[in-house]
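>
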Amino acid sequence: MTDAPPDAALASPGPAPVEVRGLVKRYGDLTAVAGVDLTVHAGDVYGYLGPNGAGKTTSLRMMLGLIRPTEGTVRLFGRDPLQSVQALDEVAGFVEAPTFYPYLSGRRNLELLGSFDGGDARERIERSLETVELSDRAKDKVGGYSHGMRQRLGIAAALLRDPKLLLLDEPATGLDPAGMRDMRLLIRRLAEQGMTVMLSSHLLAEVEELCNRVAIVRSGKIVYEGAIAELKRSAGATYWLLTTNDERALAVCRAQPGIEDVRTAHGRIAFTADDAAVAELSQALIEARALIQMLTPQTVTLEDLFFSLTEGDGVINGGRPAGEPAAVEASR
Amino acid sequence: MSSGAGTLPAPAGARLRSRSRPGVATVYRWELFKLRFQKRTYLGLGAAAIVPILFVVAIHFRHHRGDNGNDFAFASYLTKSGLVVPLVLLLFGAVWMFPLITALVAGDIFASEDHNGTLKTVLTRSLERWQIFAGKALAALTYAIVAIFISGTVAVIAGCIESGFNSVQTLSGTIVSAPKGLELVYMSLLIYLIPIATVVCIGVLLSTITRNSAAAVVGTLMISLLFQLIGILPGLSATVPYLLSTQFNAWQGLLRQPIDWAPVVRAAWVCAMYGIPALVAAFLVFLRRDVAGG
């Protein structure tokens, strides 16, 4: 998904599915959300990432009109969900675990919600139940459902609205591996059919696989928003170098343009650079008679970048480069 | 979950955008439907039906013991006409029974949504908050009306079985025929709904504010009892006509010849004085509240 930028969607007319500007939520002295700006474009599968307590769920609640922002604006397809529920006409989803009336069956819950949606939502109940494979248990009371079944019923309830934008808060939380895989497949399929998806998740590998764009939130603030591919590019690749003369190689690295953040660790030289700079460095090392014994690129994962942004100093290029511990481990 | 593309709802382009919007009636209908599946509904309606039967059984044994005392209004008429039974129940039910039965649903109807975490589920559909509020408040009122009329009807039937469908002596001493007495009983039940509606409003307010079903139910009952306590405190007799508890007796004006409408009119405005601010406050709280839990 990361290699499928939504260029076509960006060019599509009309307001963005989600446009958030200067969103702030304070509870007394506590600032839960501290000025979030983000834009979800049509066709995006957008990951909203952050550690617990970073303000993700509060932001999503404000986007759905459940919480009034202290400051800032939310627009869903150009409309303010606080002004009118019509802003949610093309939007569906859930925050935290999806909840239902435990004393009603799954089907009755969907009938109720379909009635509350109006239009032809109730006609989609059977298909929605089939999609999430709950048809067999639809007559059972929701009180007897497992967490995973409720999660699937939450998706079914969202699909009733036939939305153009799906907002999902931790959709895979509590699911077993098969359930997580199925949820991933479902989201991908919905995205392929033209649905814009915004999801918060702690499962970074999943986000990396599913999403084309992300926002990373830390202490209520967005520390990165954009394409995952761009985030990785901006981080630069980390390389580990071993030569016949590391002392000389270190001096060459430090003098070489495009080679940054040079340091030694565990008997090796580490640096960040792009591909062109590495090629030039190879030539320079040969000329300096520091022959390369090992030059290993360390792939930066979204997880590396996430921790760098949310636990480090929030700077991608500089400070502790993402991926260093894994690289050291791999080189042992 | 199915991975077959054929099972998905229609693609984005085919969706119906001009959806017919649901309204208060939709919420009201579903709230009534939901009440059918909740224990407290049957607890309240069951109490409304059983208490008159127990009361008639007590009258039966009291009568057989030869105790036909005159220790409260209508007491001496209980064995003369079954139509007196619902009136006596209205008298005693005002203390705590009918407020409690009413509060069971009114105090729970918003708080249970918080408890189940379902408020966020319904608020992200196609209904405005005011529509949800109105539908719920109407459902709570409907339940109270049903409870009062079930209680009244069971009391009429049980009373007539025990004491017969006979003429009734009014508070002015005149005798009215049994059919006219039945009409007066049901008119009394209607008048009784005025303070009951106020209890609904108070229950809805506490349900909205506390977000806790037990607190709202008990709180509503406590407020009702507090009014009665104020009514019997020395030095506060001037407040009695304006207490909610007093309005539960407004129906007695119907049992005078000619009918005394003054207590009914007073009940209407006094109850409005309590009920409307409570309902407006509940409405504003519900409209503006953050749904942060669940």
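Chains as they are written, first to last, in our numbering: chain X, 1 to 332; chain Z, 333 to 626.
Positions of the beta carbon are idealized from the N, C-alpha and C atoms, including for glycine.
Model, not experiment: these values are computed from the prediction.
Are the region 195–214 of chain X and the region 43–61 of chain X touching, with three or more C-beta to C-beta distances below 8 Å?
With contact defined as three or more Cβ pairs closer than 8 Å, the region 195–214 of chain X and the region 43–61 of chain X are in contact.
> Sorted by chain position, which residues of the same chain lie with C-beta nearer than 6 Å to VAL437(Z)'s C-beta, five sequence neighbours on each side aside?
If we look at VAL437(Z) and ignore the five residues flanking it on each side, its Cβ neighbours are ALA472 and TYR475.
> Under the three-state reduction of DSSP, which class applies to PHE365(Z): helix, strand or coil?
helix
> For ASP80(X), count neighbouring C-beta atoms within 10 Å of its own C-beta (all shown protein chains included) and say buried if the count is 16 or more, exposed if not.
exposed
> How big is the Cα-Cα spacing for THR173(X) and SER135(X)?
22 Å
> Decide if GLN283(X) is buried, meaning its Cβ has at least 16 other Cβ atoms within 10 Å, or exposed.
exposed
> Grab me the residues of VAL328(X)'s own chain with a C-beta within less than 6 Å of its C-beta, minus the 5 sequence neighbours each way, in chain order.
With a pLDDT of 30 at VAL328(X), under the threshold of 50, the modelled position of this residue cannot be trusted, and the question is left open.
> Find out if the Cβ-Cβ distance for the pair LEU76(X), ALA87(X) is shorter than 8 Å.
yes
> Helix, strand or coil for ILE216(X)? Go by DSSP, reduced to three states.
For ILE216(X), the three-state secondary structure derived from DSSP is strand.
> Residues of chain Z with a CB under 7 Å from the CB of PHE335(X): which are they?
Within the shown structure, residues of chain X are numbered from 1 to 332, placing residue 335(X) beyond reach of any answer.
> Count the other CB atoms, across all protein chains shown, that sit within 10 Å of the CB of LEU386(Z); report buried if there are 16 or more and exposed otherwise.
By the Cβ neighbour-count rule, LEU386(Z) is exposed, with fewer than 16 other Cβ atoms within 10 Å of its own.
> With distances taken between CB atoms, is the gap from ALA466(Z) to THR434(Z) smaller than 8 Å?
no
> Can you tell me whether DSSP reads TRP240(X) as helix, strand or coil?
strand
> Alpha carbon to alpha carbon, how far is GLY414(Z) from SER495(Z)? Give it in angstroms, no decimals.
For SER495(Z) and GLY414(Z), the gap between their C-alpha atoms comes out near 5 Å.
> Quick one, are the C-beta atoms of VAL488(Z) and PRO595(Z) less than 8 Å apart?
Result no, Cβ atoms of VAL488(Z) and PRO595(Z) do not sit closer than 8 Å.
> Answer yes if the region 234–248 of chain X comes into contact with the region 282–300 of chain X, meaning at least three C-beta pairs across the two stretches below 8 Å, and no otherwise.
With the cut-off at 8 Å, the region 282–300 of chain X and the region 234–248 of chain X touch.
> Give a yes or no on whether 8 Å exceeds the smallest Cβ distance from VAL356(Z) to chain X.
no
> Roughly how many angstroms separate the alpha carbons of SER219(X) and GLY22(X), rounded to a whole number?
15 Å
> Fully enclosed by the region 449–506 of chain Z, which alpha helix (DSSP H) runs are 4 residues long or longer?
451–455 and 461–495
> Could you check which residue in ASP304(X), THR57(X) and GLY53(X) has the C-alpha nearest to that of ALA205(X)?
ASP304(X)
> Assuming contact is defined by CB atoms lying nearer than 8 Å, are PHE580(Z) and ALA426(Z) in contact in what I supplied?
yes
> Have a look at LEU186(X) and PHE116(X) and give me their C-alpha separation to the nearest angstrom.
24 Å
> Expressed to the nearest angstrom, what Euclidean distance is found between the alpha-carbon atoms of LEU364(Z) and ILE562(Z)?
35 Å
> Assuming contact is defined by CB atoms lying nearer than 8 Å, are ILE222(X) and GLU208(X) in contact in what I supplied?
no
> Against chain X, does PHE369(Z) count as a neighbour if the rule is that its beta carbon must be under 8 Å from one of theirs?
Residue-level contact by beta carbon holds for PHE369(Z) and chain X, with a gap shorter than 8 Å.
> Report the rounded CA-to-CA distance for PRO333(X) versus VAL85(X), giving the unit in angstroms.
Here chain X comprises residues numbered 1 to 332, so residue 333(X) is not present and cannot be evaluated.
> Just checking: is the beta-carbon of ASN448(Z) within a distance shorter than 8 Å of some beta-carbon in chain X?
yes
> Which of helix, strand or coil does DSSP assign to SER105(X)?
It is a strand residue.
> Inspect the beta-carbon positions of THR196(X) and VAL40(X) and report whether they are closer than 8 Å.
For THR196(X) and VAL40(X), yes; Cβs fall inside 8 Å.
> What residues match up with GLN298(X) in a beta bridge as DSSP calls it?
THR238(X)
> May I have the straight-line CA-CA distance separating ALA490(Z) from ARG457(Z), to the nearest angstrom?
46 Å
> Near ALA11(X), which residues of its chain fall below 8 Å by C-beta distance, leaving aside the five closest residues on each side in sequence?
Bear in mind that the predicted position of ALA11(X) carries a pLDDT of just 46, short of 50, making it too unreliable to give a figure here.
> Give me, in chain order, the residues of the same chain whose beta-carbon lies closer than 7 Å to that of VAL572(Z); leave out the 5 immediate sequence neighbours on both sides.
GLY563 and THR578
> Between the region 55–66 of chain X and the region 447–462 of chain Z, do at least 3 Cβ pairs fall closer than 8 Å?
yes
> Could you spell out the range, first to last residue, of the beta strand (DSSP E) harbouring MET333(X)?
Any property of residue 333(X) remains undetermined from this structure, which presents chain X solely from 1 to 332.
> Out of VAL602(Z), SER545(Z) and LEU575(Z), which one is the CA nearest neighbour of GLY439(Z)?
SER545(Z)
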